[in-house]
Amino acid sequence: MWDRRMNKELRVVRMSQTINGMQLKEDVVTISHGSTVALYDITTFELLRSHTLPCIVNSASLHCDKQHYVCGGDDFKVYKVAIETGQIMESYKKHFGSIHCVAYSPDGEVYATGSEDGTIRLWQDVVGHTYGLWQRPEMMPCSPNNHELHMN
Numbered sequence: 060m061w062d063r064r065m066n067k068e069l070r071v072v073r074m075s076q077t078i079n080g081m082q083l084k085e086d087v088v089t090i091s092h093g094s095t096v097a098l099y100d101i102t103t104f105e106l107l108r109s110h111t112l113p114c115i116v117n118s119a120s121l122h123c124d125k126q127h128y129v130c131g132g133d134d135f136k137v138y139k140v141a142i143e144t145g146q147i148m149e150s151y152k153k154h155f156g157s158i159h160c161v162a163y164s165p166d167g168e169v170y171a172t173g174s175e176d177g178t179i180r181l182w183q184d185v186v187g188h189t190y191g192l193w194q195r196p197e198m199m200p201c202s203p204n205n206h207e208l209h210m211n
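To convert, count from 1 in the sequence shown and add 59; that's our numbering.
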């Protein structure tokens, strides 16, 4: 940790594997290194939680409620993980290449993933909410399938 005002190093924290990504959300920094996602308090730089996932994790993003995060990596999947337990709440495989970046929108309603396959995908944090371009099928005229989300 570095203090820019004083131009001096305050603390060094060594990771067991190469750091693939870091994101700052308020007072928590989320670090992905190897197959681990670690969350640190930025005021003390104490480890809050650390979870091991089933693949190399390239990027992770903390939800604004700080109850879960999403991450993606080398197995082409995006994972939604509970902070308290480390349990994988959801996982999706829609990319055709490693996921290299993941980020939540400021309101936490949507997150984006970017992949080696050249695509960016937008995901709803809670599927089915009316948000932005997403509408519930019952709001769409002539919806062929009541379980699909449509974008205008």
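Using N, Cα and C, we set each Cβ at its ideal position, and we do this for glycine too. Because the structure is a prediction, the values reported are computed rather than measured.
Along the beta strand (DSSP E) that carries arginine 70, what are the first and last residues, could you check? Taking the first residue of the sequence shown as position 1, residue 70 is located at position 11. For arginine 70, there is no enclosing beta strand (DSSP E), as DSSP gives it neither H nor E.
Report yes if the C-beta distance between alanine 237 and tyrosine 151 is below 9 Å; otherwise report no. Because the chain spans 60 through 211 in this model, residue 237 falls outside it and cannot be assessed.
| query | Within this structure, are the beta carbons of serine 94 and threonine 111 separated by less than 9 Å? | reply | For the purposes of this step, residue 94 is identified with residue 35 of the sequence shown, where counting begins at 1. For the purposes of this step, residue 111 is identified with residue 52 of the sequence shown, where counting begins at 1. The beta carbons of serine 94 and threonine 111 sit closer together than 9 Å.
ask   = If we cut at 9 Å on Cβ distances, does lysine 67 have a partner in chain D?
value = No chain D is present in this structure, which holds just one protein chain.
Could you tell me if cysteine 201 is buried or exposed, where buried requires 16 or more neighbouring beta carbons within 10 angstroms of its beta carbon? By one-based count along the sequence shown, residue 201 stands at place 142. Any answer about cysteine 201 is weak, because its pLDDT of 40 lies below 50 and its placement is not dependable; what the coordinates show is given next. In the assembly as shown, cysteine 201 is an exposed residue. Its beta-carbon has fewer than 16 other beta-carbons within 10 Å.
- Helix, strand or coil for glycine 167 per DSSP? Position 108 of the sequence shown holds residue 167. Coil, per DSSP.
query = Who pairs with lysine 152 in a beta bridge, going by DSSP?
reply = Numbered from its first residue, the sequence shown carries residue 152 at position 93. Answer is Lys136.
State buried or exposed for glycine 273, treating a residue as buried only when at least 16 other CB atoms are found within 10 Å of its CB. For residue 273 there is no data in the structure shown, the boundaries of the chain being 60 and 211.
Express the C-alpha separation of serine 75 and glycine 212 in angstroms, rounding to a whole number. A question about residue 212 goes unanswered here, because the residues of the chain that appear run from 60 up to 211.
Practice item. Starting from the C-beta of lysine 136, find all residues in its chain whose C-beta is less than 6 Å away, skip the five residues before and the five after it, and write them out in chain order. Key: The sequence position of residue 136 within the sequence shown is 77, counting from 1. Annotation for lysine 136: Ser150 and Lys152 place their beta carbon closer than 6 Å to its own, counting only its chain and skipping 5 residues before and after.
### Query
If we ignore side chains and look at the alpha-carbon of each, how far apart do glutamate 105 and valine 96 end up?
Along the sequence shown, one-based indexing puts residue 105 at 46. Along the sequence shown, one-based indexing puts residue 96 at 37. Take the alpha-carbon of glutamate 105 and the one of valine 96: they are about 14 Å apart.
Check: Which partner residues does methionine 81 have in the DSSP bridge list?
Finding: Translated into positions along the sequence shown, residue 81 becomes position 22. The partner list for methionine 81 (beta bridge, DSSP) reads Ile90.
In the DSSP output, which residue or residues are listed as bridge partners for threonine 178?
If you number the sequence shown from 1, residue 178 lands on position 119. Beta-bridge pairing links threonine 178 to no other residue.
Following the continuous beta strand (DSSP E) through serine 75, name the residue where it begins and the one where it ends. By one-based count along the sequence shown, residue 75 stands at place 16. No residue range can be given for serine 75, since it is assigned to no beta strand (DSSP E) and is classified by DSSP as neither H nor E.
### Task
Keeping to the same chain, check which residues put their C-beta closer than 6 Å to that of leucine 98; ignore five residues upstream and five downstream.
Position 39 of the sequence shown holds residue 98. Counting only Cβ-Cβ distances below 6 Å, and skipping sequence neighbours, we find Val87, Thr89, Leu107 and Arg108.
- prompt: Would you report the Cα separation of arginine 70 and threonine 189, rounded to the nearest angstrom?
  reply: Counted from its first residue, the sequence shown places residue 70 at position 11. Counted from its first residue, the sequence shown places residue 189 at position 130. Rounded to whole angstroms, the separation of the alpha carbons of threonine 189 and arginine 70 is 44 Å.
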